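Beneath this line is the structure, given in C-alpha coordinates, with notes to follow.
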Amino acid sequence: MTADWDTYLNQLVGTFADATGAIIGTPFAIGLGRTVSIPVGATQLQLGINDDIFIDNTGELNLAVSQSVSVPEPSTIFGLGILGFGAFFQHNLGKSKKSNKQDK
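The opening residue of the sequence shown carries number 19 in the numbering used here; numbering runs sequentially from there.
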(Lines of atoms letter the chains of each structure in order from A and count residues from 1; the text may use other names and numbers.)
(Lines give C-alpha, C1' and ligand atoms only; values in the text may rest on other atoms or scores of the structure.)
Protein backbone atom coordinates (compact mmCIF):
# COMPACT_ATOMS: atom_id res chain seq x y z
CA MET A 1 0.00 0.00 0.00
CA THR A 2 1.43 3.37 -0.97
CA ALA A 3 1.16 6.21 1.51
CA ASP A 4 0.29 9.71 0.34
CA TRP A 5 3.26 11.41 2.02
CA ASP A 6 6.99 11.54 1.41
CA THR A 7 8.59 8.48 2.95
CA TYR A 8 12.06 9.16 4.27
CA LEU A 9 14.68 6.48 4.80
CA ASN A 10 14.67 5.13 8.39
CA GLN A 11 11.48 7.00 9.21
CA LEU A 12 9.14 5.47 11.78
CA VAL A 13 5.79 4.70 10.16
CA GLY A 14 2.55 3.25 11.46
CA THR A 15 -0.65 1.77 10.19
CA PHE A 16 -3.84 0.45 11.71
CA ALA A 17 -4.88 -3.14 11.04
CA ASP A 18 -7.83 -5.39 11.76
CA ALA A 19 -7.74 -8.65 13.75
CA THR A 20 -6.38 -10.55 10.72
CA GLY A 21 -3.53 -8.08 10.22
CA ALA A 22 -5.01 -6.50 7.09
CA ILE A 23 -4.17 -2.80 6.82
CA ILE A 24 -7.07 -0.41 7.34
CA GLY A 25 -6.67 3.11 6.02
CA THR A 26 -3.43 4.70 4.91
CA PRO A 27 -0.03 4.27 6.59
CA PHE A 28 1.21 7.44 8.25
CA ALA A 29 4.44 8.99 9.49
CA ILE A 30 4.97 8.91 13.25
CA GLY A 31 6.24 12.15 14.74
CA LEU A 32 6.24 14.47 17.69
CA GLY A 33 2.75 15.80 18.38
CA ARG A 34 1.15 13.66 15.69
CA THR A 35 -2.59 13.09 16.17
CA VAL A 36 -4.39 10.31 14.31
CA SER A 37 -7.90 8.91 14.48
CA ILE A 38 -8.44 5.17 14.75
CA PRO A 39 -10.45 3.90 11.78
CA VAL A 40 -13.53 1.72 12.28
CA GLY A 41 -12.58 -1.96 12.43
CA ALA A 42 -9.00 -1.40 13.57
CA THR A 43 -7.84 -3.58 16.45
CA GLN A 44 -4.07 -3.03 16.30
CA LEU A 45 -1.46 -0.39 15.62
CA GLN A 46 1.50 -1.72 13.65
CA LEU A 47 4.77 0.20 13.64
CA GLY A 48 7.76 -0.17 11.36
CA ILE A 49 10.85 1.52 9.98
CA ASN A 50 11.15 2.52 6.35
CA ASP A 51 14.34 0.58 5.71
CA ASP A 52 16.26 -0.40 2.60
CA ILE A 53 18.98 -2.71 3.98
CA PHE A 54 17.84 -5.21 6.60
CA ILE A 55 21.18 -6.89 7.38
CA ASP A 56 22.52 -3.86 9.29
CA ASN A 57 19.53 -3.50 11.65
CA THR A 58 20.48 -3.18 15.33
CA GLY A 59 19.34 -1.13 18.29
CA GLU A 60 15.96 -0.26 19.67
CA LEU A 61 13.30 2.42 19.69
CA ASN A 62 11.43 3.87 22.66
CA LEU A 63 7.93 5.17 21.98
CA ALA A 64 5.31 6.83 24.14
CA VAL A 65 1.67 6.49 23.09
CA SER A 66 -0.94 8.50 24.97
CA GLN A 67 -4.70 8.79 24.76
CA SER A 68 -6.14 12.25 24.43
CA VAL A 69 -9.30 13.34 26.19
CA SER A 70 -12.03 14.19 23.72
CA VAL A 71 -13.51 17.67 23.89
CA PRO A 72 -17.30 17.86 23.61
CA GLU A 73 -18.63 19.62 20.56
CA PRO A 74 -20.34 23.01 21.04
CA SER A 75 -23.86 21.63 20.52
CA THR A 76 -23.32 19.19 23.42
CA ILE A 77 -22.25 22.02 25.71
CA PHE A 78 -25.22 24.13 24.55
CA GLY A 79 -27.63 21.24 25.19
CA LEU A 80 -26.26 20.70 28.69
CA GLY A 81 -26.63 24.42 29.37
CA ILE A 82 -30.29 24.33 28.31
CA LEU A 83 -30.92 21.34 30.60
CA GLY A 84 -29.22 23.15 33.47
CA PHE A 85 -31.34 26.28 33.01
CA GLY A 86 -34.48 24.15 32.76
CA ALA A 87 -33.68 22.37 36.03
CA PHE A 88 -32.88 25.68 37.73
CA PHE A 89 -36.16 27.31 36.67
CA GLN A 90 -38.18 24.19 37.51
CA HIS A 91 -36.67 24.22 40.99
CA ASN A 92 -37.46 27.93 41.47
CA LEU A 93 -41.00 27.46 40.12
CA GLY A 94 -41.57 24.68 42.67
CA LYS A 95 -40.40 26.98 45.48
CA SER A 96 -42.67 29.78 44.23
CA LYS A 97 -45.77 27.53 44.18
CA LYS A 98 -44.96 26.23 47.66
CA SER A 99 -44.56 29.80 48.95
CA ASN A 100 -47.91 30.87 47.41
CA LYS A 101 -49.73 27.96 49.12
CA GLN A 102 -48.29 28.94 52.51
CA ASP A 103 -49.38 32.59 52.07
CA LYS A 104 -53.06 31.63 51.58
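Glycine included, C-beta positions come from ideal geometry on N, C-alpha and C.
None of these values were measured; they are calculated from a predicted model.
Are the beta-carbon atoms belonging to residue i and residue j less than 8 Å from one another?
| i | j | result |
| --- | --- | --- |
| Ala60 | Phe96 | no |
| Asn28 | Asp74 | no |
| Val31 | Gly77 | no |
With distances taken Cα to Cα, identify the nearest neighbour of residue i among the options.
| i | options | result |
| --- | --- | --- |
| Ala40 | Pro57, Tyr26, Gly49 | Pro57 |
| Pro92 | Gln85, Ser86, Ile100 | Ile100 |
| Gly49 | Leu81, Asp36, Thr38, Ala37 | Leu81 |
Using the C-alpha atoms, what's the distance from residue j back to residue i?
| i | j | result |
| --- | --- | --- |
| Gly43 | Tyr26 | 20 Å |
| Leu79 | Gln62 | 19 Å |
| Gln108 | Thr94 | 21 Å |
| Gly104 | Leu98 | 10 Å |
| Ser86 | Asp36 | 22 Å |
| Gly102 | Ser88 | 22 Å |
| Phe106 | Thr38 | 52 Å |
With a CB to CB cut of under 8 Å and the five nearest residues on each side skipped, what residues in its chain are close to residue i?
| i | result |
| --- | --- |
| Val83 | Leu63 |
Apart from the five residues on each side of it in sequence, which residues of its chain come closer than 7 Å, Cβ to Cβ, to residue i?
| i | result |
| --- | --- |
| Ile71 | none |
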